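Residues 152 to 280 in this note's numbering are what the sequence shown spells out, letter by letter. Glycine included, each C-beta is placed from N, C-alpha and C at the ideal position. Here the structure is a predicted model, which means the values were calculated and not measured. A quick write-up on the structure given underneath.
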Amino acid sequence: MDFERKSLIRAAMEARTFSYAPFSNFYVGAALLTKNGEVYTGCNIENSAYSPTLCAERCAIAKAVSEGKREFLAIAVVGPEDGHTTPCGVCRQVLYEFCDESLVILCGGTEENYMETTLGELLPKGFRL
Numbered sequence: 152m153d154f155e156r157k158s159l160i161r162a163a164m165e166a167r168t169f170s171y172a173p174f175s176n177f178y179v180g181a182a183l184l185t186k187n188g189e190v191y192t193g194c195n196i197e198n199s200a201y202s203p204t205l206c207a208e209r210c211a212i213a214k215a216v217s218e219g220k221r222e223f224l225a226i227a228v229v230g231p232e233d234g235h236t237t238p239c240g241v242c243r244q245v246l247y248e249f250c251d252e253s254l255v256i257l258c259g260g261t262e263e264n265y266m267e268t269t270l271g272e273l274l275p276k277g278f279r280l
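Shown next as structure tokens:
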């Protein structure tokens, strides 16, 4: 799949700066690439009641879907610079709702420190109605 991986990671890194994580101090940004080349970003937004907490990936998906986008090529997920943050189980299922198993997922902390995988590798045999 041909797209600029490092620029998508940079967009996720910028989104991470807007994270609101006073409870975990675990700041995450995401950048979702549509098939038309548009990028929608999101950050994690924690809540003191915990369950209303919104992950960065779901924030980006909600922004894109609410603007009529339904076809995606890739998502970059950026957490701490020293690790490879992957989407949580809920985010994997939400991605699966709108994407096929070939969705490229870039997991990292910086544009030089990331791993590449697919939704199918992270969520084999995902659930669909």
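Local conformation of residue i per DSSP, three classes
i	result
F169	coil
Y178	coil
L118	Only positions 152 to 280 of the chain appear in this structure, which leaves residue 118 out of reach.
A163	helix
K154	A small fix is needed here, since residue 154 is Phe in this sequence, not Lys. The answer is coil: DSSP assigns F154 none of H, G, I, E or B.
F249	helix
K193	Correcting the residue identity first, residue 193 is Gly in this sequence and not Lys. Residue state, collapsed to three classes: strand.
L273	helix
A215	helix
A225	strand
Through-space distance from residue j to residue i, alpha-carbon basis
i	j	result
G271	E252	4 angstroms
G260	P203	25 angstroms
G219	T236	28 angstroms
R161	S217	23 angstroms
G277	L246	10 angstroms
E232	Y171	17 angstroms
C250	P275	13 angstroms
Proximity below 9 angstroms, CB of residue i to CB of residue j
i	j	result
E189	P173	no
I226	L205	no
F223	L273	no
V229	P238	no
Proximity test, Cβ basis, 9 angstroms: residue i and chain B
i	result
L274	No chain B appears in the structure shown, which is made up of a single protein chain.
According to DSSP, residues forming a beta bridge with residue i
i	result
E267	L257
Option in the options with minimal Cα separation from residue i
i	options	result
E165	G234, Y178, R209	Y178
S211	N187, A182, N264	It should be noted that the sequence gives Ala, not Ser, for residue 211. The candidate whose alpha carbon is nearest that of A211 is A182.
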